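Asks:
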Amino acid sequence: MIASRLLLLIIFLYTTIQANAHPLKLSLCEIEYSSEKKLISVNLKLFLTDVNEAIVFDPYSKDLAFCQTNESKHANRLLLNYLNQFFYIKVNSKILELEIKNKNLKGEGDNTALWLYFEYIQTSPLQSLEIKNAVFTDLFFDQNNIVYIHIDEKSKSLMLDKKKSIHQLKF
Amino acid sequence: MFKLCLNYLGSFMILSLIFSCASDISKIDSEKELIEKALDIHNRVLTLDTHADTPLRMIQPGFDLSERHDPNETGSKLDYPRMVEGGLDAVFFAAFVAQDIRNDDGHNRAKNLCLQMIDSVITSTNRNSDMVGLALNPEDAYSLEKEGKRAIYIGIENGYPIGNDLSNISLYYKKGVRYITLVHSSNNDLADSSTDSNGPEHEGLSDFGNEVVKEMNRLGIMVDVSHGSDSLFYDTIALSKAPIIASHSNARKVTNHERNMTDEMLKLMAKNGGVVQLTMLSNYLREVPPNAEKDSAIAALRSSMKPVAKMTEEEQNEARESIKKLNDMFPVPLANVKNVVDHIDHIVNVAGIDHVGIGCDFDGGGGIEGVFDASEVMNITIELVRRGYSEDQIEKIWGGNLIRVFKEVQAIAEKIQTEEV
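Taken in order, these protein sequences are the chains called A and B. Counting from -17, one number per residue, gives the positions in the first sequence under our numbering. Counting from 5, one number per residue, gives the positions in the second sequence under our numbering.
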């Protein structure tokens, strides 16, 4: 009897220690610079469940209703408050102020993604670009944030995570 | 040579403790013998994993595959030292580019990013030539194993970087690509995905997708139907002159998920001579178990919070931290090795022993209890031995079947090219 209880206890503790992870978590950021248009555009794709978990603490919350006719008047502010803590783009050592130019939802169910679009006039030549992307690393230890950078015709990909969330490129 | 997985070591220690109390030494001995037998088999057979998204890790600044990483730190599941620990002899690194706009600009960018990923794999294998080698042909896995090196093959996950240009397939082949997954989570110009929220666009393969499959047959690139819609599967298997693969998919009858394959598909795979490679993604292996205790704890916490819009930034951060603590306290249980071998049993029953393999999807969401990373893959072999699989059968599952398909794909390509002359 004692042995059986001991077995159950040890198995319970053991499985609790083992089952300490969850599936791959991803976000995607695309930064594009056109020297001809003198424009920097940024697309940030975030899974809606992650956004809701980060800012209203419930992955399936409908309170903020992003991109719906009943979207909360607080939605953008709360989202930007969160993003400003975990995400920035520095161009020539100056942080670009996050101001959403456009946003939309794509997909459905758990695959629904919130796409955010930012746009900046960049008249001076690009000398450096620094990206911090630690979104959702405060929630998920295994969050992977993919960054694609397109400078005119050249492209580069990066993956940032909790351990390495900032990277700088010089031109 | 192998790290005995914590899961089994833990179970074995528990069993040792309990059974010694009960003076039942014979069961301990038989468990120990079973594990030793399984590890011997694991050491002898070629162990080949057809799907790892590790190239995604390789674009991380400073990430070095020759160093051992902690899977609990950032989620990294595979590196060369852990391949050695797990006795994993060969792996297909999948170059994956997230799908963007489907026009010339998008396709060109995807092609550039895909080539960069492939180049980073080649660079890594060159830089670590004492541990690994770039593998291009089926035999390379065995010759590298004899040299004491791990074989690194290259695949592409998603045909999006092919764009609308068939000549890109030849370019990727010359770079070393030996399978291409036709689609990923969204429809592309080749075919329909199983998970595109807009539903089917081509009702399977597009006209261009047909040409892509033919070109892959001609060149000797394995056609991978994982992530594809059911119609894509039926179109591809009817069209392909060579056997096809599903590099990371499971059995739908065991776990009802659109990414898994129906019994009818499994039977067609057998007829086609192809192979379905089992993947270690929890949601494709078992239904998520309910957790009432967690649900009520989170509901109680949420009801005690004031509206988010009225919280200060500091209060929001505290609330987020509280929810995270609860999530950490009640994690969603992962699938386990028994679930994996349940799927293998089913595929063997429906399609036969010659049509099942392993494609873990490490660094792409794969990783379960007992096979959390590459250092623990021997636990699959242990469970196979426990269920009575012979060494010959395990050899087929762990790589023999895939290598057979790979050889047939190359032989058919050679025949097609000879007929062209």
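Glycine included, C-beta positions come from ideal geometry on N, C-alpha and C. None of the values given here were measured: they were computed from a predicted structure.
Establish whether the CB of Asp40/A and some CB of chain B are separated by less than 8 Å.
Replies: On the first sequence, position 58 is the one that residue 40/A refers to. Yes, Asp40/A lies at the interface with chain B (some Cβ there is under 8 Å from its Cβ).
Asks: If you run the structure through DSSP and keep just helix, strand and coil, what is His4/A?
Replies: By one-based count along the first sequence, residue 4/A stands at place 22. Because the pLDDT of His4/A is 38, which lies under 50, any placement of that residue in the model is unreliable, and the number read from its coordinates should be weighed accordingly. In this structure, His4/A counts as coil in the three-state DSSP scheme.
Asks: If we require 4 or more residues per run, which alpha helix (DSSP H) segments fall completely within the stretch 252 to 280 of chain B?
Replies: As far as the stretch 252 to 280 of chain B is concerned, its whole alpha helix (DSSP H) runs of at least 4 residues are 267 to 276.
Asks: Would you mind telling me which residues of chain B sit closer than 7 Å to Tyr130/A, beta carbon to beta carbon, in chain order?
Replies: Here residue 130/A corresponds to residue number 148 of the first sequence, with the count starting at 1. Under the 7 Å cutoff, chain B gives Leu117.
Asks: With DSSP as the reference, label Met226/B as helix, strand or coil.
Replies: Taking the first residue of the second sequence as position 1, residue 226/B is located at position 222. In the structure shown, Met226/B sits in a strand (DSSP, three-state: E or B).
Asks: Can you tell me whether Ala415/B is buried or exposed, with buried defined as 16 or more other CB within 10 angstroms of its CB?
Replies: In the second sequence, counting from the first residue as 1, residue 415/B sits at position 411. With fewer than 16 Cβ atoms within 10 Å of its Cβ, Ala415/B is classed as exposed.
Asks: Just the C-alpha distance for Lys81/B and Ser106/A, rounded to the nearest angstrom, thanks.
Replies: For the purposes of this step, residue 81/B is taken as residue 77 along the second sequence, with counting starting at 1. For the purposes of this step, residue 106/A is taken as residue 124 along the first sequence, with counting starting at 1. In a straight line, the C-alpha of Lys81/B is about 42 Å away from that of Ser106/A.
Asks: What does the alpha-carbon distance come out to for the pair Lys310/B and His56/A?
Replies: Residue mapping note: residue 310/B aligns to position 306 of the second sequence, counting from 1. Residue mapping note: residue 56/A aligns to position 74 of the first sequence, counting from 1. The straight-line gap from Cα to Cα measures roughly 15 Å.
Asks: Exposed or buried, Glu418/B, counting other C-beta atoms within 10 Å across all chains shown (16 or more means buried)?
Replies: Within the second sequence, numbered from 1, the residue matching residue 418/B stands at position 414. Classification of Glu418/B: exposed, given that the 10 Å Cβ count is below 16.
Asks: Run the CB neighbour count on Ser17/A, radius 10 Å, all protein chains shown included, and call it buried at 16 or more, exposed below.
Replies: Within the first sequence, the letter at position 35 stands for residue 17/A. Exposed.
Asks: Pick out the complete alpha helix (DSSP H) segments inside the stretch 27 to 60 of chain A, 4 residues or longer, and give them in chain order.
Replies: Whole alpha helix (DSSP H) segments, 4+ residues: 30 to 37.
Asks: Which whole-angstrom value describes the C-beta separation of Asp365/B and Thr283/B, a residue pair presumed to lie in contact below a C-beta threshold of 8 Å?
Replies: As a first step, residue 365/B is located in the second sequence; it is residue number 361 there, counting from the start. As a first step, residue 283/B is located in the second sequence; it is residue number 279 there, counting from the start. Indeed they touch by this definition, with Cβ atoms about 5 Å apart.
Asks: Around the Cβ of Leu170/B, are there at least 16 other Cβ atoms within 10 angstroms (buried) or fewer (exposed)?
Replies: As a working note, residue 170/B is residue 166 in the second sequence. Exposed is the call here.
Asks: Can you give me the start and stop residues for the alpha helix (DSSP H) that Asn115/A sits inside?
Replies: The residue given as residue 115/A occupies position 133 in the first sequence. Segment Ser110 to Asn115 is the beta strand (DSSP E) holding Asn115/A; no alpha helix (DSSP H) there.
Asks: Would you please state the rounded distance, in angstroms, between the beta carbons of Gly371/B and Asp377/B? I believe it to be under 8 Å.
Replies: Position 367 of the second sequence holds residue 371/B. Position 373 of the second sequence holds residue 377/B. Gly371/B to Asp377/B, Cβ: 6 Å. Contact.
Asks: Quick one: list the residues of chain A neighbouring Pro247/B, beta-carbon separation under 9 Å, in chain order.
Replies: To locate residue 247/B, count along the second sequence from 1; it is residue 243. The premise fails here: Pro247/B is roughly 29 Å from chain A at the closest Cβ pair, so nothing lies under 9 Å.
Asks: Is Ala301/B helix, strand or coil when you go by DSSP?
Replies: Reading the second sequence from its first residue, position 297 is the one you call residue 301/B. DSSP places Ala301/B in helix when its eight states are reduced to three.
Asks: May I ask you to verify whether the stretch 318 to 334 of chain B touches the stretch 300 to 310 of chain B, counting CB pairs closer than 8 Å and requiring at least 3?
Replies: The stretch 318 to 334 of chain B, when compared against the stretch 300 to 310 of chain B, does touch it at the 8 Å Cβ threshold.
Asks: Under three-state DSSP, which class holds Lys400/B?
Replies: What you label residue 400/B is simply residue 396 of the second sequence in a count that begins at 1. Reduced to three states, the DSSP call for Lys400/B is helix.
Asks: Compare the C-beta of Asp104/B with all C-beta atoms of chain A and state if any pair is closer than 8 Å.
Replies: Here residue 104/B is taken as the residue at index 100 of the second sequence, counted from 1. Chain A contact via Cβ: present.
Asks: I need the straight-line Cα distance from Leu61/A to Cys49/A, nearest angstrom please.
Replies: For this step, residue 61/A is matched to residue 79 along the first sequence. For this step, residue 49/A is matched to residue 67 along the first sequence. The straight-line gap from Cα to Cα measures roughly 13 Å.
Asks: If we define contact as Cβ-Cβ less than 8 Å, is Ala3/A a contact residue for chain B?
Replies: Here residue 3/A is taken as the residue at index 21 of the first sequence, counted from 1. Summary for Ala3/A: the model assigns pLDDT 33, below 50, so the residue's position carries little reliability; its value from the coordinates is reported in the next sentence. Yes, Ala3/A lies at the interface with chain B (some Cβ there is under 8 Å from its Cβ).
Asks: Please report whether the beta-carbon of Lys178/B lies at a distance below 8 Å from any beta-carbon of chain A.
Replies: Within the second sequence, numbered from 1, the residue matching residue 178/B stands at position 174. No, no contact with chain A.
Asks: Flag this pair as yes or no: are the beta carbons of Ala145/B and Asp93/B separated by less than 8 Å?
Replies: For this step, residue 145/B is matched to residue 141 along the second sequence. For this step, residue 93/B is matched to residue 89 along the second sequence. Contact: yes.
Asks: Should Val312/B be flagged as near chain A, meaning a C-beta pair shorter than 8 Å?
Replies: Taking the second sequence and counting its residues from 1, the one referred to as residue 312/B is at position 308. It does: the Cβ of Val312/B has a partner Cβ on chain A nearer than 8 Å.
Asks: What residue range is occupied by the uninterrupted beta strand (DSSP E) comprising Asp53/B?
Replies: For the purposes of this step, residue 53/B is taken as the residue at position 49 of the second sequence. That run of the beta strand (DSSP E) goes Leu52 to Ala56.
Asks: Which residues mark the beginning and the end of the alpha helix (DSSP H) in which Glu152/A is found?
Replies: The residue you call residue 152/A lines up with position 170 of the first sequence. As written in the sequence, residue 152/A is Lys, which differs from the Glu given in the question. Unbroken run through Lys152/A is the beta strand (DSSP E), Ile148 to Lys152; no alpha helix (DSSP H).
Asks: I want to verify the contact list: residues of chain A whose CB lies under 8 Å from the CB of Lys328/B, in sequence order.
Replies: Here the question's residue 328/B lines up with position 324 in the second sequence. Those are Asp120 and Leu121, listed as they occur along chain A.
Asks: Between Leu111/A, Leu46/A and Asn66/A, which lies nearest to Val117/A when the distance is taken from Cα to Cα?
Replies: Residue mapping note: residue 117/A aligns to position 135 of the first sequence, counting from 1. Looking at the Cα atoms, Asn66/A is the closest of the given residues.
Asks: On the three-state DSSP scale, how would you describe Gly361/B?
Replies: As a first step, residue 361/B must be located in the second sequence, where it is residue number 357. Looking at Gly361/B - three-state DSSP - the assignment turns out to be strand.
Asks: Under 8 Å: do the stretch 251 to 261 of chain B and the stretch 336 to 356 of chain B share three or more Cβ pairs, one atom per stretch?
Replies: Verdict: yes, contact present.
Asks: Just checking: is the beta-carbon of Gly110/B within a distance shorter than 8 Å of some beta-carbon in chain A?
Replies: On the second sequence, position 106 is the one that residue 110/B refers to. By this cut-off, Gly110/B is not an interface position.
Asks: For a minimum of 4 consecutive residues, which ranges assigned as the alpha helix (DSSP H) are wholly contained in the stretch 72 to 154 of chain B?
Replies: For the stretch 72 to 154 of chain B, whole alpha helix (DSSP H) runs of length 4 or above, ordered along the chain, are 75 to 78, 84 to 90, 108 to 131 and 142 to 150.
Asks: Taking Gln120/B as the query, report the chain A residues whose CB atoms sit under 8 Å from its CB, ordered along the chain.
Replies: The residue given as residue 120/B occupies position 116 in the second sequence. Ordered by position in chain A, the residues that pass the 8 Å Cβ test against Gln120/B are Ser137, Lys138 and Ser139.
Asks: Output needed for Ile241/B: all residues of its chain with C-beta closer than 7 Å, excluding positions within five of it in sequence on either side, in chain order.
Replies: Walking along the second sequence from the start, residue 241/B turns up at place 237. The residues are Ile248, Leu272 and Asn276.
Asks: Evaluate the contact criterion for the stretch 124 to 141 of chain A versus the stretch 35 to 51 of chain B: three or more CB pairs, one atom per stretch, below 8 Å.
Replies: Contact between the stretch 124 to 141 of chain A and the stretch 35 to 51 of chain B is absent, because fewer than three Cβ pairs lie under 8 Å.
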